[in-house]
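Peer 1: Residue numbers 1 to 517, in the working numbering, belong to the letters of the sequence shown in order.
Here it is: the structure, laid out below.
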Amino acid sequence: MKTIYKIAKTELQTLFYSPIAWLILIIFTFQCSMAFSDLMSGLVRRESLGYGNYNATMGLYAGWRGLFTAVQSYLYLYIPLLTMSLMSREFGSGSIKLLYSSPVTNWQIILGKYASMMVYALVLMGVLSIFGIYTAFAVKDADIPLILSGMFGLYLLICAYAAIGLFMSSLTSYQIVAAVGTLAILAALSYVKGLWQEIDFVRDITFWLAISGRAGEFVNGLICSEDVIYFLIVIGLFLFMTVIRLQSRRQKSSWAVNFGKYAVVWFIAMLVGYLSSRPSLMSFYDVTRTKQNTLTPNSQDIVARMDGKLTITTYVNVMDDYYWIGMPSQKSYDLRRFRQYLRFKPDITMKYVYYYDSVKNMKNLEKRYPNMTFDQMVKRTLESTGLDTTKVLKPEQIRARIDLSGEYNRFVRLLERENGQKTFLRVFDDMIIFPGETEISAAFKRIVMKLPKVGFLTGHGERNTEREGDRDYNAFTQDKPFRYSLINQGFDFESVTLDKEVPADVNILVIAETRQP
Numbered sequence: 001m002k003t004i005y006k007i008a009k010t011e012l013q014t015l016f017y018s019p020i021a022w023l024i025l026i027i028f029t030f031q032c033s034m035a036f037s038d039l040m041s042g043l044v045r046r047e048s049l050g051y052g053n054y055n056a057t058m059g060l061y062a063g064w065r066g067l068f069t070a071v072q073s074y075l076y077l078y079i080p081l082l083t084m085s086l087m088s089r090e091f092g093s094g095s096i097k098l099l100y101s102s103p104v105t106n107w108q109i110i111l112g113k114y115a116s117m118m119v120y121a122l123v124l125m126g127v128l129s130i131f132g133i134y135t136a137f138a139v140k141d142a143d144i145p146l147i148l149s150g151m152f153g154l155y156l157l158i159c160a161y162a163a164i165g166l167f168m169s170s171l172t173s174y175q176i177v178a179a180v181g182t183l184a185i186l187a188a189l190s191y192v193k194g195l196w197q198e199i200d201f202v203r204d205i206t207f208w209l210a211i212s213g214r215a216g217e218f219v220n221g222l223i224c225s226e227d228v229i230y231f232l233i234v235i236g237l238f239l240f241m242t243v244i245r246l247q248s249r250r251q252k253s254s255w256a257v258n259f260g261k262y263a264v265v266w267f268i269a270m271l272v273g274y275l276s277s278r279p280s281l282m283s284f285y286d287v288t289r290t291k292q293n294t295l296t297p298n299s300q301d302i303v304a305r306m307d308g309k310l311t312i313t314t315y316v317n318v319m320d321d322y323y324w325i326g327m328p329s330q331k332s333y334d335l336r337r338f339r340q341y342l343r344f345k346p347d348i349t350m351k352y353v354y355y356y357d358s359v360k361n362m363k364n365l366e367k368r369y370p371n372m373t374f375d376q377m378v379k380r381t382l383e384s385t386g387l388d389t390t391k392v393l394k395p396e397q398i399r400a401r402i403d404l405s406g407e408y409n410r411f412v413r414l415l416e417r418e419n420g421q422k423t424f425l426r427v428f429d430d431m432i433i434f435p436g437e438t439e440i441s442a443a444f445k446r447i448v449m450k451l452p453k454v455g456f457l458t459g460h461g462e463r464n465t466e467r468e469g470d471r472d473y474n475a476f477t478q479d480k481p482f483r484y485s486l487i488n489q490g491f492d493f494e495s496v497t498l499d500k501e502v503p504a505d506v507n508i509l510v511i512a513e514t515r516q517p
């Protein structure tokens with residue numbers, strides 16, 4: 001331990017004797033100060049104009065404009081400049097031979113070098129803590145745990161970057177090459193999320209490997225075991241590979257032996273990563289005061305009543321306007337839309353069924369594919385999407401399996417419990433498109449409990465629930481693509497006449513502008 005401490009101390013002294021560490025610290029402080037000042041002035045302006053500020057801490061640090069969000073977007077520019085000389089300098093100057101000849105192990109060398117980067121990362125966090133302390137005094141009821149969670153995520157991100165940079169520095173004696181190589185690895189880990197998402201097995205691997213957005217959950221106040229373990233895996237993986245690289249330089253061995261060592265390390269990392277990403281093995285902690293990253297108590301109660309497994313089958317009509325939501329390349333993103341529910345019910349199974357059939361709004365298709373028959377439109381669409389045609393059901397095949405005509409053959413999900421209860425979960429014709437917690441919980445509620453029923457009086461010239469129009473209630477009661485219709489908000493409805501008793505199961509009776517006695 002003393003040896004690691006001495007190496008780390010020496011590395012820090014060397015780091016701060018050079019202008020790079022100081023320059024990065026100054027630039028980092030300046031950028032953070034400018035961003036924070038701009039955000040704080042915006043809050044003050046809103047307050048002075050009388051708009052008020054809801055959840056000011058979240059607005060300052062998280063969201064798409066927050067301080068921590070901005071910081072994580074340019075951290076990758078700093079770390080390669082710090083790590084490029086960690087091992088490259090030793091190789092270039094020949095001082096590595098002194099380390100080899102001394103009673104120091106490879107692990108002590110690497111851990112000492114890495115510890116210096118961890119300390120420097122703490123210095124950067126110290127800069128951010130200044131803004132946190134100011135917020136604690138300037139903002140009433142500031143959400144301090146949210147700030148600490150964001151700093152924790154950024155610290156893990158810097159440590160992961162440092163481990164990658166240390167490994168790249170061990171590969172070459174040229175510092176510039178090490179810096180560029182680190183940037184290349186970080187770029188690859190950022191963009192790998194979008195690669196080969198059409199392939200089922202590869203999709204999970206590449207999506208998990210991506211480092212982009214990993215700190216975002218911490219910044220928003222949600223600490224997930226999967227994200228913590230991911231950073232620990234990345235750090236451990238690159239430290240192990242650095243030690244293997246150093247060992248191969250110190251003691252010559254065949255490429256097969258070295259390759260085997262790298263393969264074992266990668267296999268263990270992937271295995272641990274796979275296990276940590278299983279919903280049943282994941283843990284969550286929402287540090288926000290309002291628990292905004294967690295389902296509301298009512299939604300949690302609905303999920304708790306759902307005993308047995310739940311299967312969500314997504315029916316994707318490739319001719320529908322919303323087909324892209326369920327494409328193979330979007331499955332990983334689609335799964336994350338149910339992440340909050342998987343937290344409380346990890347045994348949810350997702351399935352996808354692809355088919356083609358006529359749609360309600362054929363005019364859109366005719367504009368996209370003029371002078372084509374429907375079969376020609378289908379052929380062109382399948383060619384464009386790259387779907388395996390053998391896995392796309394024909395109209396007669398999908399109709400034999402399920403009747404989706406009542407859903408207008410749109411993109412829709414079927415929620416089905418083990419006991420056979422089922423209902424549909426829809427997307428909507430608005431700017432948001434996707435169902436939120438309200439709509440998802442309403443659909444879940446439909447298969448776990450009896451819904452309140454709204455009765456609409458008829459026979460006296462009232463507003464009609466069947467007719468479409470500004471005066472009538474079709475959209476309000478049963479328009480399926482309309483988010484706020486009763487059937488999408490957890491209500492049933494029926495028409496009621498006064499020539500007999502109002503049914504006992506009607507909880508609310510609506511008398512909408514009677515015009516006749």
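Here a beta-carbon is modelled for each residue, glycine too, at the ideal position from N, C-alpha and C.
What does the alpha-carbon distance come out to for the pair residue 313 and residue 490?
Peer 2: Within the sequence shown, residue 313 is the residue found at index 313, counting from 1. Within the sequence shown, residue 490 is the residue found at index 490, counting from 1. If you take the alpha carbons of residue 313 and residue 490, they lie about 20 Å apart.
Peer 1: Suppose the cutoff is 6 Å on Cβ atoms and the five residues either side in sequence are ignored; what does the same chain contact list for residue 482 look like?
Peer 2: Start at 1 with the first residue of the sequence shown, and residue 482 comes out as number 482. Result list for residue 482: 475, in chain order.
Peer 1: For the alpha helix (DSSP H) that contains residue 17, what are its first and last residues?
Peer 2: Here residue 17 refers to the residue found at position 17 when the sequence shown is read from its first residue. From DSSP, the alpha helix (DSSP H) with residue 17 extends over 2-17.
Peer 1: Is it buried or exposed, residue 370, if we count other Cβ atoms within 10 angstroms and call 16 or more buried?
Peer 2: What you label residue 370 is simply residue 370 of the sequence shown in a count that begins at 1. By the 16-neighbour rule on beta-carbons within 10 angstroms, residue 370 is exposed.
Peer 1: Check this for me: beta carbons of residue 515 and residue 455, under 8 Å apart or not?
Peer 2: Position 515 of the sequence shown holds residue 515. Position 455 of the sequence shown holds residue 455. The answer is no: Cβ separation not under 8 Å.
Peer 1: For residue 170 versus residue 89, is the C-beta distance shorter than 8 Å?
Peer 2: For the purposes of this step, residue 170 is taken as residue 170 along the sequence shown, with counting starting at 1. For the purposes of this step, residue 89 is taken as residue 89 along the sequence shown, with counting starting at 1. The answer is no: Cβ separation not under 8 Å.
Peer 1: Excluding the five sequence neighbours on either side, which residues of its own chain have a C-beta within less than 6 Å of the C-beta of residue 408, listed in chain order?
Peer 2: What you label residue 408 is simply residue 408 of the sequence shown in a count that begins at 1. Apart from the 5 residues on each side of it in sequence, residue 408 sits with its Cβ closer than 6 Å to the Cβ of 360 in its chain, given in chain order.
Peer 1: DSSP state of residue 455, grouped into three classes?
Peer 2: Within the sequence shown, numbered from 1, the residue matching residue 455 stands at position 455. In the structure shown, residue 455 sits in a strand (DSSP, three-state: E or B).
Peer 1: Return helix, strand or coil for residue 317, following the three-state DSSP convention.
Peer 2: Translated into positions along the sequence shown, residue 317 becomes position 317. It is a strand residue.
Peer 1: Out of 280, 470 and 465, state which residue places its alpha-carbon closest to the alpha-carbon of residue 477.
Peer 2: Walking along the sequence shown from the start, residue 477 turns up at place 477. Among 280, 470 and 465, the Cα nearest to that of residue 477 is on 465.
Peer 1: Taking the alpha helix (DSSP H) that residue 189 belongs to, which residues open and close that run?
Peer 2: Numbered from its first residue, the sequence shown carries residue 189 at position 189. Residues 175-191.
Peer 1: Are there 16 or more other CB atoms within 10 angstroms of the CB of residue 217, so buried, or fewer, so exposed?
Peer 2: In the sequence shown, counting from the first residue as 1, residue 217 sits at position 217. The C-beta of residue 217 has 16 or more other C-beta atoms within 10 Å across all chains shown, which makes the residue buried.
Peer 1: Using 10 angstroms around the beta-carbon of residue 500, count the other beta-carbons present and answer buried if the total reaches 16, otherwise exposed.
Peer 2: Residue 500 sits at position 500 when you count from the first residue of the sequence shown. Exposed.
Peer 1: So, at 6 Å on beta carbons, what are the nonlocal neighbours of residue 441 in its own chain, with the 5 sequence-adjacent residues on each side left out?
Peer 2: Taking the first residue of the sequence shown as 1, we reach residue 441 at position 441. Within the same chain, residue 441 has close Cβ partners 299 and 302.
Peer 1: What separation, rounded to the nearest whole angstrom, lies between the Cα atoms of residue 293 and residue 341?
Peer 2: Stepping through the sequence shown from its first residue, residue 293 is reached at position 293. Stepping through the sequence shown from its first residue, residue 341 is reached at position 341. For residue 293 and residue 341, the distance between alpha carbons rounds to 11 Å.
Peer 1: Nearest CA to the CA of residue 52: which residue from 91, 139, 18 and 19?
Peer 2: On the sequence shown, residue 52 is found 52 positions in, with the first residue counted as 1. Check the Cα spacing between residue 52 and each of 91, 139, 18 and 19: the tightest is with 139.
Peer 1: Quick one: which unbroken beta strand (DSSP E) runs of 3-plus residues sit fully inside the segment 372-418? Chain order, please.
Peer 2: Under the rule that a run must span 3 or more residues, the beta strand (DSSP E) segments found entirely inside the segment 372-418 read 412-417.
Peer 1: Where does residue 29 fall in DSSP's three states?
Peer 2: For the purposes of this step, residue 29 is identified with residue 29 of the sequence shown, where counting begins at 1. Residue 29: helix per DSSP, three-state reduction.
Peer 1: Could you tell me whether the segment 78-92 touches the segment 156-172, using the rule of 3 or more Cβ pairs below 8 Å?
Peer 2: yes
Peer 1: Is any non-hydrogen atom of the ligand FMN found closer than 7 Å to the C-beta of residue 445, if you look at the structure I gave you?
Peer 2: You won't find the ligand FMN in this model; it holds no ligand whatsoever.
Peer 1: Rounded to a whole number of angstroms, what is the C-alpha to C-alpha distance between residue 372 and residue 431?
Peer 2: To locate residue 372, count along the sequence shown from 1; it is residue 372. To locate residue 431, count along the sequence shown from 1; it is residue 431. The straight-line gap separating the alpha-carbon atoms of residue 372 and residue 431 is approximately 30 Å.
Peer 1: By a C-beta neighbour count over all protein chains shown, 10 Å radius and 16 as the cutoff for buried, is residue 202 buried or exposed?
Peer 2: Numbered from its first residue, the sequence shown carries residue 202 at position 202. That one is exposed.
Peer 1: Residue 495 bridges to which residues according to DSSP?
Peer 2: Position 495 of the sequence shown, counted from the first residue, corresponds to residue 495. 456, per the DSSP bridge assignment.
Peer 1: Assuming residue 108 and residue 242 form a contact by the criterion Cβ under 8 Å, report the distance between their Cβ atoms to the nearest whole angstrom.
Peer 2: Against the sequence shown, residue 108 aligns to sequence position 108. Against the sequence shown, residue 242 aligns to sequence position 242. The Cβ separation is near 13 Å, so there is no contact.
Peer 1: For residue 423, list the residues DSSP reports as bridge partners.
Peer 2: The sequence position of residue 423 within the sequence shown is 423, counting from 1. Looking at the DSSP assignment, residue 423 forms a beta bridge with 415.
Peer 1: Per DSSP, residue 227 is paired with what?
Peer 2: As a first step, residue 227 is located in the sequence shown; it is residue number 227 there, counting from the start. DSSP, once it has assigned bridges, lists no residue as partnering residue 227.
Peer 1: Sort 411, 32 and 60 by Cα distance to residue 42 and report the nearest one.
Peer 2: The residue labelled residue 42 in the question sits at position 42 within the sequence shown. Comparing Cα-Cα distances from residue 42 to each of 411, 32 and 60, the minimum goes to 60.
Peer 1: Helix, strand or coil for residue 167, going by three-state DSSP, please let me know.
Peer 2: Sequence index remark: in the sequence shown, residue 167 carries index 167 (1-based). Residue 167 falls in the helix class under three-state DSSP.
Peer 1: Shortest alpha-carbon distance to residue 285 belongs to which of 333, 219 and 232?
Peer 2: Counting from 1 along the sequence shown, the entry for residue 285 is found at position 285. Checked all of 333, 219 and 232; the closest Cα to residue 285 is 219.
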